[in-house]
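Asks: After the structure tokens below, expect a handful of questions from me.
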Amino acid sequence: MKGHLSVVSTGPGDEGNLTPRSREELLMAEVIAGYGTYLDQISSLLEGKTVISTGMRDEAGRCNEALKQARSGKRVCLISGGDAGVYGLSGLMLELMTPEEQADLLVIPGVTSATACAALLGAPLIHDFAVISLSNLLTEDSLIEKRLRLAAEGDFVTILYNPRSTKRHHLFSRAAEIYLGHRAPEIPVGLVRNAYREEQRIAVVPLDELNSCDWVDMHTTVVIGNSQTFISGGRMITPRGYAL
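Numbering (our numbering), first residue to last: 39 to 282.
See below:
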């Protein structure tokens, strides 16, 4: 490859949680490609750059354009919200590259929604946990339900990404039903919408009230506690098991 290509993680949505390494890579870039909303979140770093903005479902087009620019000799950053290696674009980019190009790709890690929201809720991820996306655009409903059921049976703290969209409500309702079949109804569930942004909203509800939280959407991360998770001082805590 004539140029330089990096996949840069931009964190949960505010520049305060952008890592120094991500910031440095963005400042050095000639070209920055990304989804429009994520570009808006780093607008102060775009001055003087060639910016390539694409829509929500044009991930392949975005990656291909970034790759094209790098092959032409440009220094390019492809941005990916949260962490590029967690439901992000690093995998798709690697699939599109030749083996020789793959060896040169730089992936910059970032703060994913699970850990960002856990920090706002307290300490819910101190023991084993599972992260499951409820988006069924690329995964069959039956497989999503299987993963929910197994995580619930295994008593994992479970983080739900993409819990409910404008058209997709059924999997969120189904998730609540599945976990109620394996956990006490009073187990705490944390909900964080628009983490670290102006419209941030945080709530902790018992599991049996989860399905009635009608404000949950694609900007919300849901953290379902395990059988040991409790609330103290308004904070979710999952004990690791240390002697106190």
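For every residue, glycine included, the Cβ atom is placed at its ideal position computed from N, Cα and C.
Buried or exposed: which applies to residue 299, given that a residue is buried once 16 or more other Cβ atoms fall within 10 Å of its Cβ?
Replies: Residue coverage of the chain in this structure runs from 39 to 282, which leaves residue 299 outside it and unanswerable.
Asks: Ordered along the chain, which non-local residues of its own chain (more than five positions away) have a Cβ less than 6 Å from that of residue 241?
Replies: One-based indexing of the sequence shown puts residue 241 at position 203. Closer than 6 Å at Cβ, skipping near neighbours: 229.
Asks: Measuring alpha carbon to alpha carbon, tell me which of 91, 231, 157 and 43 ends up nearest residue 274.
Replies: As a working mapping, residue 274 is identified with position 236 in the sequence shown. When each option's Cα is compared against that of residue 274, the closest is 157.
Asks: Contact defined as beta carbons within less than 8 Å: I believe residue 126 pairs with residue 76. What is the distance between those atoms, to the nearest angstrom?
Replies: Here the question's residue 126 lines up with position 88 in the sequence shown. Here the question's residue 76 lines up with position 38 in the sequence shown. Actually they do not touch by this definition, with Cβ atoms about 11 Å apart.
Asks: From this set, 206, 233, 246 and 271, which residue's C-alpha is nearest residue 224's C-alpha?
Replies: Position 186 of the sequence shown, counting from 1, holds the residue named residue 224. For residue 224, the nearest C-alpha among the options comes from 246.
Asks: Are residue 49 and residue 192 closer than 8 Å when you measure CB to CB?
Replies: The residue you call residue 49 lines up with position 11 of the sequence shown. The residue you call residue 192 lines up with position 154 of the sequence shown. No, the pair does not count as a contact, with Cβ atoms beyond the cut-off.
Asks: Return the residue from the list 42, 268 and 281 that minimises the CA-CA distance to residue 159.
Replies: Here residue 159 refers to the residue found at position 121 when the sequence shown is read from its first residue. Residue 159 has its Cα closest to that of 268, out of 42, 268 and 281.
Asks: Under the assumption that residue 46 contacts residue 117 (Cβ atoms under 8 Å), give the Cβ distance between them as a whole number of angstroms.
Replies: If you number the sequence shown from 1, residue 46 lands on position 8. If you number the sequence shown from 1, residue 117 lands on position 79. Confirmed, Cβ separation roughly 5 Å.
Asks: According to DSSP, is residue 13 part of a helix, a strand, or is it coil?
Replies: In the structure as shown, the chain starts at 39 and stops at 282, and residue 13 therefore has no counterpart that could be examined.
Asks: Taking just the CA atoms, how far does residue 107 sit from residue 168?
Replies: Locating residue 168 in the sequence shown gives position 130, counting from the first residue. Locating residue 107 in the sequence shown gives position 69, counting from the first residue. Cα to Cα, the separation comes out at about 37 Å.
Asks: Which residue from 173, 42 and 261 puts its Cα closest to that of residue 115?
Replies: The residue you call residue 115 lines up with position 77 of the sequence shown. When each option's Cα is compared against that of residue 115, the closest is 42.
Asks: I'd like the span of the beta strand (DSSP E) that includes residue 80, first residue to last.
Replies: Within the sequence shown, the letter at position 42 stands for residue 80. Unbroken run through residue 80: none, as it is neither H nor E.
Asks: Could you tell me which residues DSSP pairs with residue 268 in its beta bridges?
Replies: Reading the sequence shown from its first residue, position 230 is the one you call residue 268. Beta-bridge pairing links residue 268 to 275.
Asks: If you draw a straight line from the C-alpha of residue 67 to the C-alpha of residue 137, how long is it?
Replies: The residue labelled residue 67 in the question sits at position 29 within the sequence shown. The residue labelled residue 137 in the question sits at position 99 within the sequence shown. Approximately 23 Å between the Cα atoms of the pair.
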